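Okay, so here's the structure we're looking at.
Protein chains: 2
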Amino acid sequence: MKILILGGDGYLGWPTAMNLSAAGHDVVVVDNYLRRNITQEESVEPLYALPNLIERCKIWKASSGHDVVPYIGDLQGWAFVETVFKSFTPDAIVHYAEQPSAPYSTKDHNTARLTLTNNLLTTFNVLQAMHMFCPNAHLVKLGTMGEYGTPNIDIEEGWLNVTHNDRTDKFLFPRQAGSLYHTTKIQDTDMIWLHVRMWGLRVTDLMQGLVYGEYTDENQGDDRLLPHFAYDEMFGTVLNRFIVQAIAGYPLTIYGKGGQTRGFLNIKDTLQCIKLSIENPADQGELRIFNQFTETFSVNELAALIQSAAKVVDVDVEVQTMENPRKELEEHYYNPAHTDLVEMGLKPNFLTEDVLVELLQLTLRHKDNIVQDRIFRNVKWA
Amino acid sequence: MKILILGGDGYLGWPTAMNLSAAGHDVVVVDNYLRRNITQEESVEPLYALPNLIERCKIWKASSGHDVVPYIGDLQGWAFVETVFKSFTPDAIVHYAEQPSAPYSTKDHNTARLTLTNNLLTTFNVLQAMHMFCPNAHLVKLGTMGEYGTPNIDIEEGWLNVTHNDRTDKFLFPRQAGSLYHTTKIQDTDMIWLHVRMWGLRVTDLMQGLVYGEYTDENQGDDRLLPHFAYDEMFGTVLNRFIVQAIAGYPLTIYGKGGQTRGFLNIKDTLQCIKLSIENPADQGELRIFNQFTETFSVNELAALIQSAAKVVDVDVEVQTMENPRKELEEHYYNPAHTDLVEMGLKPNFLTEDVLVELLQLTLRHKDNIVQDRIFRNVKWA
Numbered sequence: 069m070k071i072l073i074l075g076g077d078g079y080l081g082w083p084t085a086m087n088l089s090a091a092g093h094d095v096v097v098v099d100n101y102l103r104r105n106i107t108q109e110e111s112v113e114p115l116y117a118l119p120n121l122i123e124r125c126k127i128w129k130a131s132s133g134h135d136v137v138p139y140i141g142d143l144q145g146w147a148f149v150e151t152v153f154k155s156f157t158p159d160a161i162v163h164y165a166e167q168p169s170a171p172y173s174t175k176d177h178n179t180a181r182l183t184l185t186n187n188l189l190t191t192f193n194v195l196q197a198m199h200m201f202c203p204n205a206h207l208v209k210l211g212t213m214g215e216y217g218t219p220n221i222d223i224e225e226g227w228l229n230v231t232h233n234d235r236t237d238k239f240l241f242p243r244q245a246g247s248l249y250h251t252t253k254i255q256d257t258d259m260i261w262l263h264v265r266m267w268g269l270r271v272t273d274l275m276q277g278l279v280y281g282e283y284t285d286e287n288q289g290d291d292r293l294l295p296h297f298a299y300d301e302m303f304g305t306v307l308n309r310f311i312v313q314a315i316a317g318y319p320l321t322i323y324g325k326g327g328q329t330r331g332f333l334n335i336k337d338t339l340q341c342i343k344l345s346i347e348n349p350a351d352q353g354e355l356r357i358f359n360q361f362t363e364t365f366s367v368n369e370l371a372a373l374i375q376s377a378a379k380v381v382d383v384d385v386e387v388q389t390m391e392n393p394r395k396e397l398e399e400h401y402y403n404p405a406h407t408d409l410v411e412m413g414l415k416p417n418f419l420t421e422d423v424l425v426e427l428l429q430l431t432l433r434h435k436d437n438i439v440q441d442r443i444f445r446n447v448k449w450a
Numbered sequence: 069m070k071i072l073i074l075g076g077d078g079y080l081g082w083p084t085a086m087n088l089s090a091a092g093h094d095v096v097v098v099d100n101y102l103r104r105n106i107t108q109e110e111s112v113e114p115l116y117a118l119p120n121l122i123e124r125c126k127i128w129k130a131s132s133g134h135d136v137v138p139y140i141g142d143l144q145g146w147a148f149v150e151t152v153f154k155s156f157t158p159d160a161i162v163h164y165a166e167q168p169s170a171p172y173s174t175k176d177h178n179t180a181r182l183t184l185t186n187n188l189l190t191t192f193n194v195l196q197a198m199h200m201f202c203p204n205a206h207l208v209k210l211g212t213m214g215e216y217g218t219p220n221i222d223i224e225e226g227w228l229n230v231t232h233n234d235r236t237d238k239f240l241f242p243r244q245a246g247s248l249y250h251t252t253k254i255q256d257t258d259m260i261w262l263h264v265r266m267w268g269l270r271v272t273d274l275m276q277g278l279v280y281g282e283y284t285d286e287n288q289g290d291d292r293l294l295p296h297f298a299y300d301e302m303f304g305t306v307l308n309r310f311i312v313q314a315i316a317g318y319p320l321t322i323y324g325k326g327g328q329t330r331g332f333l334n335i336k337d338t339l340q341c342i343k344l345s346i347e348n349p350a351d352q353g354e355l356r357i358f359n360q361f362t363e364t365f366s367v368n369e370l371a372a373l374i375q376s377a378a379k380v381v382d383v384d385v386e387v388q389t390m391e392n393p394r395k396e397l398e399e400h401y402y403n404p405a406h407t408d409l410v411e412m413g414l415k416p417n418f419l420t421e422d423v424l425v426e427l428l429q430l431t432l433r434h435k436d437n438i439v440q441d442r443i444f445r446n447v448k449w450a
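Those protein sequences? They're chains A and B, same order as listed. Number 220 in the numbering used here belongs to position 152 of the first sequence; there are no gaps in the numbering. Number 130 in the numbering used here belongs to position 62 of the second sequence; there are no gaps in the numbering.
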């Protein structure tokens with residue numbers, strides 16, 4: 069299958085590119101290094117430096133024999149989009165090409181505007197390009213569980229049947245996010261749903277939880293093929309921040325009461341979900357939505373797991389509470405469905421102690437790179 | 069009160085400016101002539117030409133003694149937004165500054181992109197400016213009933229209590245629109261709701277129906293103060309198109325079965341609703357939503373009313389059916405609530421025969437200006 073991966077230099081884009089090319093697909097990756105440029109501007113580079121995308125394609129070719137073809141450019145520009153789609157007509161498009169940091173998106177006027185325009189114009193151009201160049205292609209779009217927020221009702225997979233005054237209709241599940249980044253994903257969903265109905269496009273929208281892990285089947289033994297490891301307050305997940313805090317000898321910092329509960333999944337399961345979605349595409353004119361995570365943890369639970377795993381590598385960790393810089397509920401109901409991908413064949417890799425120890429050991433090897441003031445900089449979300 | 073009207077040259081912006089300045093408010097209007105420029109580019113100018121905004125402010129001053137201060141510029145640009153808000157700190161902002169045509173928004177790649185960027189960046193900049201320059205100001209934002217689409221359940225005023233698996237939460241009423249223009253208004257709502265929660269802004273979002281009428285208390289006797297009269301397929305409502313088709317001797321063209329039902333209101337009632345909203349503002353941190361229309365009509369009902377009113381001005385009109393260029397349901401349930409504004413004091417001006425005759429007579433006076441191929445050009449919505 070011919071597969072186009074947008075945001076192919078990213079934390080998930082690059083592992084996806086290797087994984088799908090190893091499976092025999094014809095893979096083209098596109099990236100404009102937005103994430104690398106932002107982390108440099110904000111002085112929050114990842115734990116270890118990585119070769120650029122063109123270099124990584126060469127390294128992967130040398131080690132695996134598989135071609136991954138890179139295009140470097142900005143998908144907000146229509147001329148570049150045309151260049152890509154005129155030279156490669158995909159059967160499937162995996163769209164990761166968005167500014168993914170919630171704190172960055174609400175940092176100031178310019179970062180907010182960049183997030184809004186980048187995310188919406190990129191998605192807009194992808195939809196336009198599908199309509200013009202490959203109307204039968206299948207778009208696999210990365211959404212986020214954060215689109216739903218933390219409602220007081222069970223979260224279904226994308227849709228909800230609503231009965232009101234004895235009449236019933238089916239709607240997109242109500243979405244209500246806590247940051248501009250998450251809101252751009254809602255706006256994407258609105259726009260995608262319009263174009264699915266208007267043009268009969270086929271789309272799978274994956275409402276993904278927080279992804280952890282660095283190792284996949286394709287990058288064992290060559291650290292140059294690892295994904296980025298972000299541990300800063302802007303781009304690092306709470307799990308990565310806790311891992312690095314543990315190794316750096318910092319207490320784990322819990323925002324507020326620590327009851328904030330989210331869905332998590334292993335990076336290996338992201339790869340499984342993408343492959344399952346591509347190999348079992350949505351129908352023409354269908355917007356199919358899956359909730360993509362395998363377990364839920366509260367921040368308190370996560371801190372306890374990492375505190376315990378740290379003992380295995382002989383590290384004693386304290387847990388501390390601090391004022392929450394985010395506007396979010398610190399205690400809330402959270403019961404999201406996540407059975408559809410399992411029914412399609414997903415075999416979950418859970419967050420075991422082994423997985424945490426592996427991440428702690430990787431971080432130990434790069435301990436000298438840790439810049440402590442990247443971990444916590446107190447960016448207010450509002 | 070100091071009131072800033074964005075899109076002050078538009079069909080509703082200009083009548084609102086006169087109305088609020090006549091009521092003693094201090095009014096500044098902003099416009100970049102986007103609508104005038106587009107109608108010229110697309111060769112779909114309104115039925116009669118009007119003086120520019122600066123000239124209209126002078127004419128209004130001469131006839132009423134009231135000052136309305138015009139700023140000409142594009143609210144997508146932050147430097148211009150800063151200039152406006154640094155020189156005038158409003159108590160209320162009326163935001164009409166959006167590309168309002170559904171057919172234009174889906175005409176081609178460029179018109180779609182213009183609609184998306186103009187509407188979202190303008191709303192984004194307004195929210196940013198409120199946060200920075202006037203966090204206590206009240207934003208009165210024009211939404212559209214089209215955000216809801218035509219669901220199979222009763223449409224409430226903006227919000228819906230949803231019970232699911234024995235638990236309940238309150239959400240934005242599900243929105244699902246039929247064009248990119250209407251979808252940008254949904255995306256606006258998502259973005260506004262985020263910033264109301266994040267920054268405690270006060271916002272009234274008016275889900276407006278189709279507005280008709282040219283005459284208000286302020287423009288009687290001076291045609292240079294009338295609002296635009298659009299009768300083309302892109303910017304004209306179905307009511308205006310029917311009026312002009314009647315006078316031009318065309319049959320009234322009904323798309324498909326003609327059961328498409330929408331909410332309508334008189335332009336005088338738009339002015340009442342804006343004034344009521346401004347004088348009874350939303351609370352800090354509240355997103356208040358009203359459905360702003362007074363009656364619903366199907367396209368078939370509207371055609372019959374105009375056919376009947378045309379007899380008063382001695383015009384015989386036929387009604388014809390044609391293939392629907394839009395993707396929309398031609399027969400559907402439609403029961404939207406619209407009591408909140410009436411409870412606040414709105415006294416509706418209904419669509420009487422007198423109102424239609426007045427519009428037919430106005431059109432008769434400008435009959436020589438009618439360019440017949442503007443009325444129907446078969447722009448596909450998809």
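Beta carbons: idealized from backbone N, C-alpha and C, even for Gly. Owing to the predicted nature of the structure, the values given are computational and were not obtained by experimental measurement.
Exercise. Around the C-beta of B/V410, are 16 or more other C-beta atoms found within 10 angstroms, so that it is buried, or is it exposed?
Worked result: When all chains shown are included, B/V410 counts as exposed.
Exercise. Helix or strand or just coil, what does DSSP make of B/K154?
Worked result: helix
Exercise. Does the Cβ-Cβ distance between B/I315 and B/V367 come in under 8 angstroms?
Worked result: no
For this session: Using only alpha-carbon positions, find the residue among B/M266, B/L210, B/P393 and B/D351 that is nearest to B/N204.
Result: B/D351
Problem set entry | Chain-ordered neighbours of A/P219 on chain B, where CB pairs are closer than 7 angstroms | Residues of chain B passing the Cβ test: D237.
Exercise. Which residues mark the beginning and the end of the alpha helix (DSSP H) in which A/F310 is found?
Worked result: V306 to A316
Exercise. Going by DSSP, what residues sit across from A/V97 in a beta bridge?
Worked result: DSSP output for A/V97 lists A/I73 and A/P138 as bridge partner(s).
Problem set entry | Entirely enclosed alpha helix (DSSP H) segments - the stretch 378 to 439 of chain B, minimum 4 residues | DSSP runs (the alpha helix (DSSP H)) wholly in the stretch 378 to 439 of chain B: 408 to 412 and 421 to 433.
For this session: Kindly say whether B/A245, judged by its beta-carbon, lies nearer than 8 angstroms to any beta-carbon of chain A.
Result: yes
For this session: Would you tell me roughly how many angstroms separate the C-alpha atoms of A/H232 and B/I438, rounded to the nearest one?
Result: One Cα belongs to A/H232, the other to B/I438, and the distance between them is close to 46 angstroms.
Exercise. In the DSSP assignment, what are the bridge partners of A/I161?
Worked result: A/L72 and A/L207
For this session: Could you check the C-alpha separation between A/E398 and A/P219 for me, to the nearest Å?
Result: 13 angstroms
Problem set entry | CB-CB length for B/H177 against A/Q196, believed under 8 angstroms | 5 angstroms
Exercise. On the three-state DSSP scale, how would you describe A/T179?
Worked result: helix
Exercise. Which of the three DSSP states, helix, strand or coil, is assigned to B/H40?
Worked result: As shown, chain B starts at 69 and ends at 450. That puts residue 40 of chain B outside it, with no answer to give.
Exercise. Nearest CA to the CA of B/T185: which residue from B/D256, B/E386 and B/K336?
Worked result: B/D256
For this session: Would you list, in chain order, the members of the stretch 176 to 197 of chain B that have their beta-carbon closer than 8 angstroms to a beta-carbon of chain A?
Result: H177, A180, R181, L184, T185, L188, L189, F192 and Q196
For this session: Inspect the CB distances between the stretch 211 to 218 of chain B and the stretch 275 to 291 of chain B and report whether three or more fall short of 8 angstroms.
Result: yes
For this session: May I ask you to list, following chain order, the residues of the stretch 265 to 292 of chain A that have a beta carbon less than 8 angstroms from some beta carbon of chain B?
Result: R265, M266 and W267
For this session: Return the CA-CA distance between A/P171 and A/V137, expressed in angstroms with no decimal places.
Result: 32 angstroms
Problem set entry | Of the residues B/S169, B/W146 and B/I443, the one placed nearest B/F303, counting alpha carbons only | B/S169
Problem set entry | Whole-Å CB distance - B/I221 paired with B/G281, under 8 angstroms assumed | With a contact defined as Cβ atoms closer than 8 angstroms, B/I221 and B/G281 miss out at about 31 angstroms.
Exercise. What residues match up with A/D237 in a beta bridge as DSSP calls it?
Worked result: A/V230
Problem set entry | Interfacial residues, the stretch 127 to 154 of chain B to chain A, with Cβ spacing under 9 angstroms | Residues W146.
For this session: Enumerate in chain order the residues of its own chain whose CB-to-CB distance from B/T107 is below 6 angstroms, with the five nearest sequence positions on each side excluded.
Result: E113
For this session: Could you give the DSSP three-state label for A/A450: helix, strand or coil?
Result: Low per-residue confidence applies at A/A450: pLDDT is 41, beneath 50, and the placement is therefore not dependable, though the value from the model is reported in the following sentence. Three-state DSSP puts A/A450 in coil, outside helix and strand.
Exercise. Is there a Cβ from chain B that is less than 8 angstroms from the Cβ of A/H163?
Worked result: no
Exercise. Using a beta-carbon distance below 8 angstroms, is A/A170 in contact with chain B?
Worked result: Judged by the 8 angstroms Cβ criterion, A/A170 is not in contact with chain B.
Problem set entry | A/T321: first and last residue of the uninterrupted beta strand (DSSP E) it sits in | Its beta strand (DSSP E) spans residues L320 to Y323.
Problem set entry | Which residues DSSP lists as bridging A/E354, in chain order | Bridge partners of A/E354: none, in fact.
For this session: Can you give me, in chain order, the residues of the stretch 249 to 265 of chain A that have a beta carbon less than 8 angstroms from any beta carbon in chain B?
Result: Listed by position along the chain: T251, I254, Q255, D258, M259, W261, L262 and R265.
For this session: Check the Cβ of B/D222 against every Cβ in chain A and list those closer than 8 angstroms, keeping chain order.
Result: Result: H232, N233 and R235.
Problem set entry | Proximity to B/P393 [Cα-Cα], best of B/L339, B/Q375, B/G326 and B/E354 | Taking the Cα of B/P393 as reference, the smallest distance to any Cα among B/L339, B/Q375, B/G326 and B/E354 is reached at B/G326.
For this session: Mark A/F358 as exposed unless 16 or more other C-beta atoms lie within 10 angstroms of its C-beta, in which case mark it buried.
Result: With 16 or more other Cβ atoms within 10 Å, it is buried.
Problem set entry | Spatial neighbours of A/K238 in its chain, beta-carbon cut-off 8 angstroms, leaving aside the 5 residues before and after | W227, L228, N229 and V230
Exercise. Is DSSP giving B/E363 helix, strand or coil here?
Worked result: strand
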